[in-house]
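Numbering (our numbering), first residue to last: 15 to 399.
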């Protein structure tokens with residue numbers, strides 16, 4: 015099979031959706047499918063080398079900024095250049111399927127599908143407009159975010175559902191329900207995600223250390239963790255929280271840590287290598303993931319790979335992925351006292367943490383393994399041809 019992928023960000027290390035696209039491409043190539051990827055080059059990114067993968071870089075070169083979208087100018091440049099290159103690739107290589115990521119790549123895919131009569135599938139993993147009536151207002155209040163996003167964001171989300179495509183690909187029942195609620199009329203394929211196979215690292219666990227991995231944007235709700243650590247510190251002075259990631263909320267988070275005098279308890283690592291990230295997860299008691307809006311949360315699976323439980327918000331799909339008191343805990347996203355209580359509980363009962371982590375690893379291997387994921391992707395493509 016020959017598949018053309020369209021994605022502005024294509025990364026093996028950063029982002030959730032971006033990384034999942036990378037996993038799809040890699041698995042297809044490993045199984046001798048021919049894959050083309052039209053993307054913007056990201057500064058300091060390493061790209062896969064495989065005889066079955068051809069990456070076509072189009073202007074402009076982008077800098078990853080913790081989940082901030084490209085500017086309007088960058089989007090227009092990608093649209094024009096990707097459309098031109100896509101027509102060439104389809105014409106020369108008899109492409110079977112066009113698979114696009116959300117927003118501008120979806121529009122490119124829709125036009126290419128119209129011009130070439132190729133099957134077009136669009137991946138949509140979040141409908142941000144449904145994350146609360148003030149989502150876009152909060153989004154543009156962050157450092158470095160253009161105010162125009164408050165107006166064009168919801169419009170773009172609606173347009174994506176109306177662009178020419180034959181099916182939508184999503185990753186959870188929650189995101190499926192959002193697509194239907196938002197007006198999607200085409201078939202929707204729900205395919206549980208997977209991650210690259212990660213060996214469990216042999217490290218010594220620090221029972222008093224916890225970790226957050228993700229973008230530093232408002233809906234990740236990292237502030238609730240800082241408040242919780244401030245409460246825990248009163249009973250457990252050696253409590254530690256490692257924050258891995260970057261984004262527009264970085265200064266706000268740093269200021270909050272300083273204001274609460276938590277510099278000895280909270281370490282902000284910023285971006286780290288994949289190896290360093292997994293090492294930090296393996297050294298921690300558990301992962302904390304308090305997001306209030308999410309398509310899935312791939313870092314949950316990374317925690318499971320290291321036999322670590324995850325404490326999540328009581329919001330689907332996280333609350334569907336974590337079985338309370340079995341593979342982690344499901345808590346009120348805005349209750350710092352509850353988060354503090356369960357952090358303390360795991361600190362004082364590390365054996366419980368290890369047992370839940372083992373159960374999480376079993377879930378990863380049984381439900382989210384790469385073999386199932388790859389076969390579901392292939393089944394989706396074949397059903398549309």
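Glycine residues also receive a C-beta, built at the ideal position from the N, C-alpha and C atoms. All values reported here derive from a predicted model rather than from experimental measurement.
>> Given a cut-off of 9 Å on the beta-carbon distance, is the pair residue 224 and residue 321 in contact?
In response: To locate residue 224, count along the chain shown from 1; it is residue 210. To locate residue 321, count along the chain shown from 1; it is residue 307. Contact: no.
> Can you list, in chain order, the stretches of the beta strand (DSSP E) that have 3 or more residues and sit fully within the segment 270-319?
Replying inline: 280-284, 300-303
>> Using only CA atoms, which one of 123, 82, 182 lies nearest to residue 163?
In response: Walking along the chain shown from the start, residue 163 turns up at place 149. Out of 123, 82, 182, 82 has the C-alpha closest to the C-alpha of residue 163.
> If you drop the 5 nearest sequence neighbours on each side, which residues of the same chain put their C-beta closer than 7 Å to that of residue 340?
Replying inline: For the purposes of this step, residue 340 is taken as the residue at position 326 of the chain shown. Counting only Cβ-Cβ distances below 7 Å, and skipping sequence neighbours, we find 370, 373.
>> Counting C-beta neighbours from all protein chains within 10 Å, is the total for residue 307 16 or more, i.e. buried, or is it exposed?
In response: Along the chain shown, read from residue 1 onward, the residue named residue 307 stands at position 293. Residue 307 is buried by the Cβ-count criterion.
> What do you reckon, are the CB atoms on residue 113 and residue 20 nearer than 9 Å?
Replying inline: Along the chain shown, read from residue 1 onward, the residue named residue 113 stands at position 99. Along the chain shown, read from residue 1 onward, the residue named residue 20 stands at position 6. Contact flag set, yes.
>> Check this for me: beta carbons of residue 91 and residue 208, under 9 Å apart or not?
In response: Counting from 1 along the chain shown, the entry for residue 91 is found at position 77. Counting from 1 along the chain shown, the entry for residue 208 is found at position 194. Not closer than 9 Å, so no.
> Given that a residue counts as buried once 16 or more other Cβ atoms are within 10 Å of its Cβ, and exposed if not, what is residue 218?
Replying inline: Start at 1 with the first residue of the chain shown, and residue 218 comes out as number 204. Under this definition residue 218 is an exposed residue.
>> So, with DSSP's three-state summary, where would you put residue 50?
In response: To locate residue 50, count along the chain shown from 1; it is residue 36. Strand at residue 50.
> At what residues does the alpha helix (DSSP H) containing residue 164 begin and finish?
Replying inline: Here the question's residue 164 lines up with position 150 in the chain shown. Its alpha helix (DSSP H) spans residues 163-176.
> Is residue 350 near residue 227, with beta carbons less than 9 Å apart?
Replying inline: For this step, residue 350 is matched to residue 336 along the chain shown. For this step, residue 227 is matched to residue 213 along the chain shown. No, the Cβ-Cβ distance between residue 350 and residue 227 is not below 9 Å.
> Would you say the segment 241-253 touches the segment 278-289, given that touching needs at least three Cβ pairs under 8 Å?
Replying inline: yes
> For residue 362, which three-state DSSP category applies?
Replying inline: Along the chain shown, one-based indexing puts residue 362 at 348. Residue 362: helix per DSSP, three-state reduction.
>> Tell me which residues share the same chain as residue 50 and place their Cβ nearer than 6 Å to its Cβ, disregarding the 5 neighbours each side in the sequence.
In response: Residue 50 sits at position 36 when you count from the first residue of the chain shown. These residues qualify, in order along the chain: 18, 68, 103.
>> What residue range does the alpha helix (DSSP H) around residue 121 cover?
In response: Your numbering for residue 121 matches position 107 in the chain shown. Residue 121 -> alpha helix (DSSP H) spans 118-130.
> With burial defined as no fewer than 16 other Cβ atoms inside 10 Å of the residue's Cβ, what is the status of residue 338: buried or exposed?
Replying inline: Counted from its first residue, the chain shown places residue 338 at position 324. Counting Cβ neighbours within 10 Å, residue 338 comes out exposed, since fewer than 16 surround it.
> So what does DSSP say about residue 82, is it helix, strand or coil?
Replying inline: The residue given as residue 82 occupies position 68 in the chain shown. Three-state DSSP puts residue 82 in coil, outside helix and strand.
> Can you tell which of 240, 273, 249, 272 has its C-alpha closest to the C-alpha of residue 257?
Replying inline: Your numbering for residue 257 matches position 243 in the chain shown. Here the closest residue by C-alpha is 240.
>> Excluding the 5 residues flanking residue 314 on each side, which residues of the same chain have their C-beta closer than 6 Å to its C-beta?
In response: For the purposes of this step, residue 314 is taken as the residue at position 300 of the chain shown. Once the five neighbours on either side are set aside, the close Cβ partners of residue 314 are 324, 335.
> So residue 172 and residue 134 are in contact, right, with Cβ under 8 Å, and what is the actual spacing, rounded?
Replying inline: Start at 1 with the first residue of the chain shown, and residue 172 comes out as number 158. Start at 1 with the first residue of the chain shown, and residue 134 comes out as number 120. Contact flag wrong, Cβ pair sits at about 18 Å.
>> Among the candidates 108, 109, 138, whose CA atom is the shortest distance from the CA of residue 117?
In response: Here the question's residue 117 lines up with position 103 in the chain shown. Nearest of 108, 109, 138 to residue 117, Cα basis: 138.
> Would you report the Cα separation of residue 392 and residue 32, rounded to the nearest angstrom?
Replying inline: In the chain shown, residue 392 corresponds to position 378, counting from 1. In the chain shown, residue 32 corresponds to position 18, counting from 1. Near 19 Å, if we compare the C-alpha coordinates of residue 32 and residue 392.
> CB-CB under 7 Å to residue 42, same chain, minus the five flanking residues each way: which ones, in chain order?
Replying inline: Here residue 42 refers to the residue found at position 28 of the chain shown. Once the five neighbours on either side are set aside, the close Cβ partners of residue 42 are 17, 49.
>> Threshold first: 3 residues or longer. Then list the beta strand (DSSP E) segments lying entirely within the segment 329-375, N to C.
In response: 342-345
>> Does residue 63 pass the burial test, meaning 16 or more other C-beta atoms within 10 Å, or should it be called exposed?
In response: Numbered from 1 along the chain shown, position 49 holds the residue referred to as residue 63. Classification of residue 63: exposed, given that the 10 Å Cβ count is below 16.
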